[in-house]
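Notes follow once the structure below has been shown.
Residue numbers (the working numbering): 1 to 329.
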């Protein structure tokens, strides 16, 4: 009879525990969802323990293992380094990156969000409402401050101030510094592959950003963004007028359009001028920029947004489009 070699229970248990510990700690090197770049405002209360913070991070969908979070802090003597305050975190951050953020300084006292589609004028108004600037200061800086070190800029800033959420402090706020933060954020979002693909389609970044800014104002869903992108590019290539209400809205600053507005002699009036408007008409988010670069090929030449449902209705011919106007507007 052969005797089987038995692994002592204590050793086996130790191996299992070590393996679980290693897996948990390794989870900190991975993001919960690298594609989810949305911001989460996370607050650390004074007196919270590492364990409590870890539990809250898990509930918020930011880390997988509170145990790994606590153990990493303990091992690296960071237990007491976490700062009380508000922080901007994201599911696309790894656990290690989150720890690095939480052990840095709190990011400020005012939660300030620039939504996708905001214009320079919109940002100026919101900063003034928060008491961070005097009305007009932001607009003035976009026109007079020197940002020539950002080589991607075509000579103006509209369209390149990337939307995001920020924590700002009245004591330290700098208009020029904030604009630089927005421009740097934009620069980080536009990848080398994107630039290569834009060039391969014989487009420029400036043209792409103008199209993206219109997409941002025209439609909402990812599918519609890509469909409308293709329509815009084909109409441009064919020498058609774009006929977009959103460019006239930008020109007048009003959400409604009058018959008089339709006759305004301006290159922003895409109902009477062919081609692109001179500049972007908003500061688009990544979804609209991506749609402008990667349109979805389709057969349509016209579209409208249904008044009651908000659904985008497409048409191949002008006759179909006119019928859709009668039915949906």
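In this text, a Cβ means the ideal position worked out from N, Cα and C, and glycines have one as well. Small disclaimer: the values here were computed from a predicted structure and weren't measured.
Best match in the options for proximity to residue i [C-alpha to C-alpha]
i, options, result
"residue 179", "154, 189 and 147", "147"
"residue 312", "318, 303, 75 and 241", "303"
"residue 372", "84, 44, 68 and 88", "Only positions 1 to 329 of the chain appear in this structure, which leaves residue 372 out of reach."
"residue 203", "295, 115 and 273", "295"
"residue 128", "70, 41 and 112", "112"
"residue 265", "277, 55 and 29", "277"
"residue 55", "70, 256 and 46", "70"
"residue 250", "52, 212, 121 and 79", "121"
"residue 116", "275, 65 and 287", "287"
"residue 31", "163, 63 and 225", "63"
"residue 273", "262, 256, 308 and 315", "262"
"residue 315", "207, 308, 325 and 96", "325"
"residue 205", "109, 85 and 289", "289"
"residue 100", "118, 73, 291 and 109", "73"
"residue 188", "170, 162, 211 and 172", "162"
Bounding residues of the alpha helix (DSSP H) (the contiguous stretch that carries residue i)
i, result
"residue 69", "66-75"
"residue 140", "137-144"
"residue 53", "50-59"
"residue 102", "95-102"
"residue 124", "120-129"
Neighbour-count burial assignment, residue i, 16 or more Cβ in a 10 Å radius
i, result
"residue 152", "exposed"
"residue 192", "exposed"
"residue 216", "buried"
"residue 317", "exposed"
"residue 159", "buried"
"residue 218", "buried"
Start-to-end residues for the beta strand (DSSP E) that takes in residue i
i, result
"residue 113", "110-113"
"residue 315", "312-315"
"residue 28", "Run containing residue 28: none; DSSP gives neither H nor E here."
"residue 89", "85-89"
"residue 41", "40-44"
Whole-number beta carbon distance between residue j and residue i, since they are thought to touch under 8 Å
i, j, result
"residue 29", "residue 94", "6 Å"
"residue 145", "residue 176", "5 Å"
"residue 46", "residue 78", "In fact, because the Cβ distance is near 17 Å, the residues do not count as touching under 8 Å."
"residue 51", "residue 66", "7 Å"
Quick check on the DSSP output: what are the complete beta strand (DSSP E) runs of length 3 or more inside the segment 162-223, in order along the chain? The segment 162-223 is shown to contain whole beta strand (DSSP E) runs of 3 or more residues at 165-168, in chain order.
Could you name each continuous beta strand (DSSP E) segment of 3 residues or more that falls completely within the segment 233-321, going from the start of the chain to the end? Listed in chain order, the complete beta strand (DSSP E) runs (minimum 3 residues) inside the segment 233-321 are 302-305 and 312-315.
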